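Written below as structure tokens is the structure these notes are about.
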Amino acid sequence: MVFHDGKLDRLVAASGPIAAYSPRSLARLRYRGQDEKILSFGQFLDLVAGRVPSLVEVKRNGRLHPKFLENVARLAAAYKGPVALMSFDRAIVAALGQLAPAIPRGAVIGGRQMLSGLWAGRARRRESPAASRLLASAPEGVGFYAVNMQLVAVARGWMSRRAQDLPLFTWTVRTPRQRARAARWADAPIFEGYEA
Numbered sequence: 069m070v071f072h073d074g075k076l077d078r079l080v081a082a083s084g085p086i087a088a089y090s091p092r093s094l095a096r097l098r099y100r101g102q103d104e105k106i107l108s109f110g111q112f113l114d115l116v117a118g119r120v121p122s123l124v125e126v127k128r129n130g131r132l133h134p135k136f137l138e139n140v141a142r143l144a145a146a147y148k149g150p151v152a153l154m155s156f157d158r159a160i161v162a163a164l165g166q167l168a169p170a171i172p173r174g175a176v177i178g179g180r181q182m183l184s185g186l187w188a189g190r191a192r193r194r195e196s197p198a199a200s201r202l203l204a205s206a207p208e209g210v211g212f213y214a215v216n217m218q219l220v221a222v223a224r225g226w227m228s229r230r231a232q233d234l235p236l237f238t239w240t241v242r243t244p245r246q247r248a249r250a251a252r253w254a255d256a257p258i259f260e261g262y263e264a
């Protein structure tokens, strides 16, 4: 199912973890103040129909169903439009590389992976040991990085020093100031609630 949060409460008129619901039950839920329902990944790809590139974050909410990653990989591989898969979870990134080797995949870095005191150098280009460890821990064969806004300058510096010529996305861009920062350091922003 295509849903951002680990819990339903913020976006739909239901509560609790999304993993506690069956796909059939989730498909009946409507977003707050809208007539739109939660889509399956296949429905989402059909809706987009290759009109725009899709950057899909694959999340682990509890224990993964044995067929979950296989289904994601199968749908992405069969899709006719531009699509890439990414995850905070290194095991998911590595597994998707095995299951769908032709689909670009990336490592998402930041957020809960780092303690707030470890954002060293976030506004400068200097090295952050904690950020460097996270960037270096990405599975072999990643095609891009997607980093928290606070890490974008550090990530760009780390990549430049290692001659890593991979796309760098940054999240979550919500303001014009963040958009300017993203334009300076990243190849593309990942927006939320922002109108260009």
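Start counting the sequence shown at 69; every next residue gets the next number (my numbering).
Note that the Cβ used here is the ideal one computed from N, Cα and C, for glycine as well.
Since we're looking at a predicted model, the values are computed, not measured.
Helix, strand or coil, according to DSSP, for residue i in the structure here?
| i | result |
| --- | --- |
| F259 | strand |
| A152 | strand |
| L137 | helix |
| G212 | Checking the sequence, you will find Phe at residue 212 rather than Gly. In this structure, F212 counts as strand in the three-state DSSP scheme. |
| L202 | helix |
| I177 | strand |
| L236 | strand |
| S108 | coil |
| L183 | Residue placement at L183 is flagged as unreliable, the pLDDT there being 47, under the threshold of 50; the coordinate-derived value follows with that caveat. Three-state result, L183: coil. |
| L164 | helix |
Please report the Cβ distance between residue i and residue j, rounded to the nearest whole angstrom; I am assuming they are in contact, meaning their Cβ atoms lie under 8 angstroms.
| i | j | result |
| --- | --- | --- |
| P257 | T238 | 6 angstroms |
| G211 | P172 | 4 angstroms |
| F109 | V80 | No, F109 and V80 are not in contact; Cβ-Cβ is about 17 angstroms, not under 8 angstroms. |
| A145 | A168 | 5 angstroms |
| A199 | L219 | 5 angstroms |
| R128 | D103 | Between D103 and R128 the Cβ distance is about 30 angstroms, and since that is not below 8 angstroms, they are no contact. |
Please state if the CB of residue j and the CB of residue i are separated by a distance shorter than 8 angstroms.
| i | j | result |
| --- | --- | --- |
| A254 | L236 | yes |
| L107 | V70 | yes |
| V215 | G178 | yes |
| L123 | A152 | yes |
| Y213 | A175 | yes |
| E260 | T240 | yes |
| S155 | V126 | yes |
| L137 | I160 | yes |
| M227 | R249 | no |
So, at 8 angstroms on beta carbons, what are the nonlocal neighbours of residue i in its own chain, with the 5 sequence-adjacent residues on each side left out?
| i | result |
| --- | --- |
| K75 | S83, G84, P85, I86 |
| G118 | Y147, K148, G149, P150 |
| R100 | L79, V80, A81 |
Once the 5 residues before and after residue i are set aside, which same chain residues still bring their CB inside 7 angstroms of it?
| i | result |
| --- | --- |
| A162 | P207 |
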